[in-house]
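*Asks:*
Residue numbers (our numbering): 8 to 218.
1. Between which two residues does the alpha helix (DSSP H) harbouring residue 181 extend?
2. Taking all protein chains shown into account, do 16 or more other C-beta atoms lie within 10 angstroms of the C-beta of residue 92, making it buried, or fewer, making it exposed?
3. Would a C-beta distance cut-off of 8 Å place residue 132 and residue 212 closer than the cut-off?
4. Locate the beta strand (DSSP E) running through residue 42, then write down its first and last residues.
5. Would you kindly work out how many angstroms separate the C-alpha atoms of residue 201 and residue 73, rounded to a whole number?
6. Do residue 51 and residue 58 come within 8 Å of each other at the CB atom, strictly closer than that value?
7. Might you give, ordered along the chain, the residues of its own chain that have their beta carbon closer than 6 Å to the beta carbon of residue 178, omitting 5 neighbours on each side?
8. What are the start and end residues of the alpha helix (DSSP H) that includes residue 70?
9. Going by DSSP, what residue range makes up the beta strand (DSSP E) through residue 85?
10. Tell me whether residue 157 sits in a helix, a strand or coil according to DSSP, three-state version.
11. Which partner residues of residue 74 appear in the DSSP bridge assignment?
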(Lines of atoms letter the chains of each structure in order from A; the text may use other names.)
(Lines give C-alpha, C1' and ligand atoms only; values in the text may rest on other atoms or scores of the structure.)
Protein backbone atom coordinates (compact mmCIF):
# COMPACT_ATOMS: atom_id res chain seq x y z
CA UNK A 8 0.00 0.00 0.00
CA UNK A 9 1.07 3.57 -0.65
CA UNK A 10 1.54 5.93 2.30
CA UNK A 11 -1.29 8.40 2.88
CA UNK A 12 -0.51 11.76 1.33
CA UNK A 13 -2.00 14.89 2.93
CA UNK A 14 -1.63 17.88 0.63
CA UNK A 15 -1.18 21.38 2.05
CA UNK A 16 -4.35 23.49 1.89
CA UNK A 17 -2.73 25.71 -0.74
CA UNK A 18 -2.31 22.71 -3.06
CA UNK A 19 -5.94 21.68 -2.63
CA UNK A 20 -7.02 25.19 -3.61
CA UNK A 21 -4.72 25.13 -6.64
CA UNK A 22 -6.24 21.84 -7.81
CA UNK A 23 -9.77 23.21 -7.40
CA UNK A 24 -9.01 26.40 -9.31
CA UNK A 25 -7.20 24.51 -12.10
CA UNK A 26 -10.20 22.23 -12.60
CA UNK A 27 -12.59 25.18 -12.63
CA UNK A 28 -10.49 27.04 -15.20
CA UNK A 29 -9.86 24.10 -17.52
CA UNK A 30 -13.49 22.98 -17.35
CA UNK A 31 -14.62 26.46 -18.38
CA UNK A 32 -16.68 26.97 -15.24
CA UNK A 33 -14.36 29.90 -14.53
CA UNK A 34 -14.54 31.76 -17.81
CA UNK A 35 -11.74 33.60 -19.57
CA UNK A 36 -11.44 37.13 -18.17
CA UNK A 37 -13.31 36.42 -14.93
CA UNK A 38 -11.97 38.59 -12.11
CA UNK A 39 -11.24 36.94 -8.77
CA UNK A 40 -10.29 38.29 -5.39
CA UNK A 41 -8.65 36.51 -2.50
CA UNK A 42 -11.64 37.40 -0.32
CA UNK A 43 -14.27 35.99 -2.69
CA UNK A 44 -12.43 32.70 -3.23
CA UNK A 45 -11.67 32.34 0.48
CA UNK A 46 -15.35 32.90 1.29
CA UNK A 47 -16.52 30.33 -1.26
CA UNK A 48 -14.06 27.69 -0.07
CA UNK A 49 -14.47 28.54 3.63
CA UNK A 50 -10.73 29.03 4.14
CA UNK A 51 -8.47 31.89 5.17
CA UNK A 52 -6.95 34.31 2.65
CA UNK A 53 -3.37 33.14 3.21
CA UNK A 54 -3.56 29.81 1.30
CA UNK A 55 -5.67 31.49 -1.38
CA UNK A 56 -2.98 34.14 -1.86
CA UNK A 57 -0.35 31.40 -2.14
CA UNK A 58 -2.50 29.52 -4.67
CA UNK A 59 -2.96 32.70 -6.73
CA UNK A 60 0.81 33.24 -6.84
CA UNK A 61 1.39 29.67 -8.02
CA UNK A 62 -1.27 29.89 -10.73
CA UNK A 63 0.07 33.26 -11.86
CA UNK A 64 3.50 31.68 -12.34
CA UNK A 65 1.85 28.97 -14.46
CA UNK A 66 0.06 31.54 -16.64
CA UNK A 67 -3.44 30.60 -15.54
CA UNK A 68 -4.11 33.83 -13.65
CA UNK A 69 -3.10 37.38 -14.52
CA UNK A 70 -2.45 40.02 -11.86
CA UNK A 71 -4.48 43.25 -12.24
CA UNK A 72 -3.58 46.72 -10.93
CA UNK A 73 -6.48 46.66 -8.43
CA UNK A 74 -4.96 43.58 -6.69
CA UNK A 75 -7.56 41.38 -8.30
CA UNK A 76 -6.57 38.58 -10.66
CA UNK A 77 -8.08 37.64 -13.98
CA UNK A 78 -8.60 34.11 -15.27
CA UNK A 79 -6.61 33.20 -18.35
CA UNK A 80 -9.09 30.71 -19.75
CA UNK A 81 -8.24 27.66 -21.79
CA UNK A 82 -9.11 27.48 -25.48
CA UNK A 83 -8.49 24.81 -28.10
CA UNK A 84 -5.78 27.00 -29.62
CA UNK A 85 -4.02 27.42 -26.29
CA UNK A 86 -4.31 23.70 -25.60
CA UNK A 87 -2.63 22.83 -28.89
CA UNK A 88 0.06 25.45 -28.27
CA UNK A 89 0.74 24.20 -24.72
CA UNK A 90 0.97 20.55 -25.73
CA UNK A 91 3.20 21.42 -28.68
CA UNK A 92 5.58 23.41 -26.47
CA UNK A 93 5.66 20.64 -23.86
CA UNK A 94 6.48 18.13 -26.61
CA UNK A 95 9.31 20.39 -27.82
CA UNK A 96 10.72 20.76 -24.31
CA UNK A 97 10.56 17.04 -23.60
CA UNK A 98 12.03 16.10 -26.97
CA UNK A 99 15.04 18.37 -26.47
CA UNK A 100 15.56 17.05 -22.94
CA UNK A 101 15.35 13.46 -24.17
CA UNK A 102 17.87 14.15 -26.92
CA UNK A 103 20.26 15.58 -24.35
CA UNK A 104 19.71 12.52 -22.18
CA UNK A 105 20.52 9.95 -24.86
CA UNK A 106 23.75 11.76 -25.67
CA UNK A 107 24.87 11.42 -22.04
CA UNK A 108 23.94 7.75 -21.68
CA UNK A 109 22.07 7.72 -18.33
CA UNK A 110 19.26 5.45 -19.46
CA UNK A 111 18.65 2.76 -16.82
CA UNK A 112 16.21 4.83 -14.72
CA UNK A 113 14.10 5.54 -17.81
CA UNK A 114 13.86 1.82 -18.54
CA UNK A 115 12.77 1.09 -14.98
CA UNK A 116 10.12 3.81 -15.16
CA UNK A 117 8.73 2.38 -18.40
CA UNK A 118 8.68 -1.16 -16.98
CA UNK A 119 6.57 0.09 -14.06
CA UNK A 120 4.14 1.64 -16.56
CA UNK A 121 3.90 -1.58 -18.52
CA UNK A 122 3.35 -3.69 -15.38
CA UNK A 123 0.59 -1.43 -14.08
CA UNK A 124 -1.05 -1.39 -17.52
CA UNK A 125 -1.09 -5.17 -17.64
CA UNK A 126 -2.73 -5.19 -14.20
CA UNK A 127 -5.30 -2.65 -15.48
CA UNK A 128 -4.79 -0.35 -12.51
CA UNK A 129 -5.86 2.78 -14.34
CA UNK A 130 -5.57 5.35 -11.56
CA UNK A 131 -2.06 4.15 -10.75
CA UNK A 132 -1.19 4.09 -14.45
CA UNK A 133 -1.79 7.85 -14.66
CA UNK A 134 0.89 8.34 -12.00
CA UNK A 135 3.36 5.90 -13.56
CA UNK A 136 2.88 7.32 -17.05
CA UNK A 137 3.61 10.81 -15.74
CA UNK A 138 6.61 9.49 -13.77
CA UNK A 139 8.00 7.89 -16.93
CA UNK A 140 7.95 11.16 -18.83
CA UNK A 141 9.29 13.23 -15.94
CA UNK A 142 12.06 10.67 -15.53
CA UNK A 143 13.55 11.97 -18.79
CA UNK A 144 14.41 15.28 -17.12
CA UNK A 145 14.99 13.89 -13.63
CA UNK A 146 17.71 11.64 -15.03
CA UNK A 147 19.36 14.55 -16.81
CA UNK A 148 21.63 16.43 -14.40
CA UNK A 149 20.15 19.87 -15.04
CA UNK A 150 17.94 21.41 -12.34
CA UNK A 151 16.72 24.26 -14.55
CA UNK A 152 15.46 21.96 -17.30
CA UNK A 153 13.95 19.59 -14.75
CA UNK A 154 11.98 22.44 -13.19
CA UNK A 155 10.82 23.73 -16.58
CA UNK A 156 9.66 20.27 -17.65
CA UNK A 157 7.93 19.54 -14.35
CA UNK A 158 6.04 22.85 -14.25
CA UNK A 159 4.72 22.52 -17.81
CA UNK A 160 3.76 18.92 -17.15
CA UNK A 161 1.96 19.81 -13.92
CA UNK A 162 -0.03 22.60 -15.54
CA UNK A 163 -1.40 20.37 -18.29
CA UNK A 164 -1.80 17.13 -16.39
CA UNK A 165 -3.28 18.53 -13.18
CA UNK A 166 -5.73 20.67 -15.09
CA UNK A 167 -6.58 18.64 -18.17
CA UNK A 168 -5.31 15.09 -18.39
CA UNK A 169 -6.47 13.97 -14.97
CA UNK A 170 -10.03 14.56 -16.15
CA UNK A 171 -9.71 12.47 -19.33
CA UNK A 172 -10.03 8.77 -20.02
CA UNK A 173 -7.27 8.16 -22.57
CA UNK A 174 -6.88 5.10 -24.74
CA UNK A 175 -4.30 3.46 -22.51
CA UNK A 176 -3.38 0.83 -25.09
CA UNK A 177 -2.35 3.61 -27.47
CA UNK A 178 -0.60 5.57 -24.72
CA UNK A 179 1.47 2.58 -23.60
CA UNK A 180 2.39 1.80 -27.21
CA UNK A 181 3.68 5.35 -27.62
CA UNK A 182 5.55 5.17 -24.30
CA UNK A 183 7.18 1.97 -25.52
CA UNK A 184 8.18 3.69 -28.77
CA UNK A 185 9.77 6.50 -26.73
CA UNK A 186 11.68 4.04 -24.54
CA UNK A 187 12.80 2.03 -27.57
CA UNK A 188 14.17 5.19 -29.21
CA UNK A 189 15.91 6.20 -25.97
CA UNK A 190 17.45 2.74 -25.63
CA UNK A 191 18.69 2.65 -29.23
CA UNK A 192 19.70 6.34 -29.12
CA UNK A 193 17.66 7.05 -32.25
CA UNK A 194 17.12 10.79 -32.10
CA UNK A 195 14.78 10.95 -35.10
CA UNK A 196 12.44 8.26 -33.80
CA UNK A 197 12.64 9.71 -30.30
CA UNK A 198 11.49 13.16 -31.38
CA UNK A 199 8.75 11.65 -33.56
CA UNK A 200 7.44 9.40 -30.76
CA UNK A 201 7.32 12.21 -28.20
CA UNK A 202 5.47 14.53 -30.57
CA UNK A 203 3.02 11.76 -31.45
CA UNK A 204 2.40 11.05 -27.75
CA UNK A 205 1.49 14.67 -27.03
CA UNK A 206 -0.52 15.00 -30.23
CA UNK A 207 -2.72 12.08 -29.15
CA UNK A 208 -3.22 13.61 -25.70
CA UNK A 209 -3.95 17.03 -27.21
CA UNK A 210 -6.60 15.51 -29.48
CA UNK A 211 -8.30 13.92 -26.46
CA UNK A 212 -8.13 17.17 -24.50
CA UNK A 213 -9.53 19.28 -27.35
CA UNK A 214 -12.35 16.78 -27.85
CA UNK A 215 -13.21 16.96 -24.15
CA UNK A 216 -13.07 20.77 -24.15
CA UNK A 217 -15.39 20.95 -27.16
CA UNK A 218 -18.14 18.88 -25.52
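Virtual Cβ for every residue (Gly too), placed ideally from N, Cα, C.
*Replies:* So, from the data block:
1. Counting along the chain, the unbroken alpha helix (DSSP H) around residue 181 starts and ends at 175-191.
2. Under a 10 Å Cβ-count criterion, residue 92 is classified as exposed, with fewer than 16 other Cβ atoms of the shown protein chains found around its own Cβ.
3. In this structure, residue 132 keeps its C-beta atom at 8 Å or more from the C-beta atom of residue 212.
4. Judged by DSSP secondary structure, residue 42 falls outside any beta strand (DSSP E) and instead within the alpha helix (DSSP H) spanning 41-48.
5. It is roughly 42 Å from the alpha-carbon of residue 201 to the alpha-carbon of residue 73.
6. Their beta carbons are not under 8 Å apart, which means residue 58 does not touch residue 51 by this criterion.
7. When the five nearest sequence neighbours on each side are left out, no beta carbon in the same chain lies closer than 6 Å to the beta carbon of residue 178.
8. Membership of residue 70 in any alpha helix (DSSP H) is not indicated; the residue belongs instead to the beta strand (DSSP E) covering 68-70.
9. Not the beta strand (DSSP E): residue 85 falls in the alpha helix (DSSP H), residues 83-107.
10. DSSP places residue 157 in helix when its eight states are reduced to three.
11. DSSP, once it has assigned bridges, lists no residue as partnering residue 74.
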